[in-house]
Amino acid sequence: MKLNFFFTKKKPEHFLALDIGAETVKTLVFRKEGQKKIILCQTLEYFEEPELFENLDFPEEILEKTISRVIDQIPKIVKLKPKNIFLGLPTNILIAKIVSQNFERKTPKEPISQSENKKIGEEIFRCVRNKITQEFSQKTGLLPQDFHFSNFKILETKIDGYEVPSILNLSGQNLEFKVLAVFLSRFQLEKIERICQNLNLKILKIVHPAENLDYLFPNEKINAVYLDIGGKITNIFLVEKGKLTGISQFKQGGINFTEKIYRQLGISFSEARILKENYSQSLLSEKVQKRVKEIFSDVLQSWFENLKENLKNFPQKLLPANFFLFGGGSLLPDISEILENGDWANLTFISKPKIEIIYPQKLKDVKDKNQILKGPQDIPLILLFYE
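To convert, note that position 160 of the sequence shown is 160 in full-length UniProt numbering; the numbers rise steadily by one, no gaps.
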């Protein structure tokens with residue numbers, strides 16, 4: 001008998017995180033080594049029209065062209081062209097919502113078996129789906145069957161008022177669940193799938209930032225407000241004792257500051273964007289820094305008022321003092337300043353607000369020896385695959 005001591009070494013599998021935002025398409029190429037994600041390269045393209053996702057009927061051709069351009073950059077950097085993608089979409093397209101749902105058992109004294117556990121889960125998700133489709137059908141005019149749900153995730157479970165990690169093998173009558181549901185319209189999904197098919201890309205998973213947000217928690221018991229400040233939308237995530245308890249958003253972000261410069265100074269949009277970036281890094285003269293700060297003042301106040309209004313709508317009346325910021329808009333120093341020193345009238349915090357910007361270097365299991373990841377603007381990309 002001959003023994004073959006030569007084994008074919010398995011090639012490392014490469015993946016692509018593809019994040020479609022309000023003004024850019026970004027990619028991050030990485031490979032997995034156990035739990036570690038090794039970052040290989042990043043590419044970015046700006047949309048020619050920053051108003052692309054203002055409505056449900058976004059132009060397919062422009063999006064495909066922009067994705068194609070950003071992907072074509074990859075082989076020039078790492079001589080790879082990954083096909084398997086983790087996909088992120090604008091959060092006014094891919095929506096996340098937390099829904100409470102109760103379930104009453106007919107045999108409360110019997111422990112919950114595997115099969116009953118499965119049936120309860122299916123019924124809970126069916127009820128959550130129905131609640132959401134009815135609500136959003138009224139808002140959008142779409143039919144209930146026109147929604148696609150990409151994920152359901154149980155955030156909290158209680159039996160007869162007691163919180164439990166799992167209902168399996170436990171007895172009790174009244175079950176309470178908090179469920180995170182992630183969904184989008186089938187019409188938008190079909191457009192995205194067509195584009196990916198045309199570009200020979202395979203969607204492994206469509207991910208909302210809320211799904212993997214817990215990987216940003218510094219500890220399991222954290223109480224905090226997480227702000228994802230994107231181009232056109234600011235997403236608000238309320239976390240209590242390490243659990244996501246609230247989600248909200250409003251239509252303001254970094255682009256609003258760029259637009260103010262572009263209108264006020266009469267320069268091109270790209271020049272305004274560069275000026276804003278230089279301002280954020282304090283690269284301008286003292287006089288110009290002061291002038292840009294003045295230009296931003298009314299946009300900043302409007303953003304702050306919208307944030308306060310959304311925080312007031314949470315049922316929690318005592319809010320955490322910790323604010324964790326990420327997304328490109330979080331680089332604006334004015335935002336941290338107003339969060340720390342602004343007038344929080346009619347809102348109550350545990351203590352004076354404390355602001356921290358999340359940088360990729362703080363995340364475990366992400367290896368970036370070539371320092372490809374730049375800052376908080378890269379966190380939404382990382383959340384696509386950080387599992």
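Don't be surprised by glycine CBs; every beta carbon is placed ideally from N, CA and C.
query, result
"For Val-29: DSSP bridge partner residues", "Leu-16, Cys-41"
"Counterpart residues of Leu-318 in DSSP-defined beta bridges", "Thr-348"
"8 angstroms Cβ cutoff met for Gly-231 and Gly-21", "yes"
"Nonlocal neighbours in the same chain, by C-beta distance under 7 angstroms from Pro-108, ignoring five residues either side", "Ser-171, Gly-172, Gln-173"
"Supposed contact pair Leu-40 and Val-70 - C-beta distance, whole angstroms, cut 8 angstroms", "No, Val-70 and Leu-40 are not in contact; Cβ-Cβ is about 15 angstroms, not under 8 angstroms."
"Thr-91, buried or exposed, once every other Cβ within 10 Å from all chains shown has been counted against 16", "buried"
"Spatial distance of Phe-7 from Pro-82 (CA atoms)", "Unreliable positioning characterises Phe-7 in this predicted model, as indicated by a pLDDT of 42, which lies under 50. The coordinate reading is nonetheless provided below. Each residue's alpha carbon lies about 25 angstroms from the other."
"Reduced DSSP secondary structure (H/G/I, E/B, other) of Ala-210", "helix"
"Coarse secondary structure for Thr-157, derived from DSSP in three states", "strand"
"Contacts around Lys-158, its chain only, beta-carbon distance under 6 angstroms, and the 5 residues preceding and following it disregarded", "Glu-176"
"Beta bridge counterpart(s) of Gln-249 as assigned by DSSP", "Asn-235"
"Residue from Phe-323, Phe-296, Gln-252 with nearest C-alpha to Ala-272", "Phe-296"
"Sequence ranges, alpha helix (DSSP H) only - wholly within the region 284 to 334, length at least 4", "286 to 312"
"Contacts around Lys-251, its chain only, beta-carbon distance under 7 angstroms, and the 5 residues preceding and following it disregarded", "Lys-232, Ile-233"
"Whole-Å CB distance - Val-179 paired with Val-99, under 8 angstroms assumed", "5 angstroms"
"The region 276 to 296 contacting the region 211 to 230, beta-carbon criterion three pairs below 8 angstroms", "no"
"Alpha carbon of Glu-116 to alpha carbon of Glu-123, nearest angstrom", "10 angstroms"
"Euclidean distance between Cα positions of Lys-36 and Leu-204", "18 angstroms"
"Distance, Leu-89 Cα to Val-207 Cα", "8 angstroms"
"Of the listed residues Glu-23, Leu-28, Glu-33, nearest to Phe-47 (C-alpha basis)", "Glu-23"
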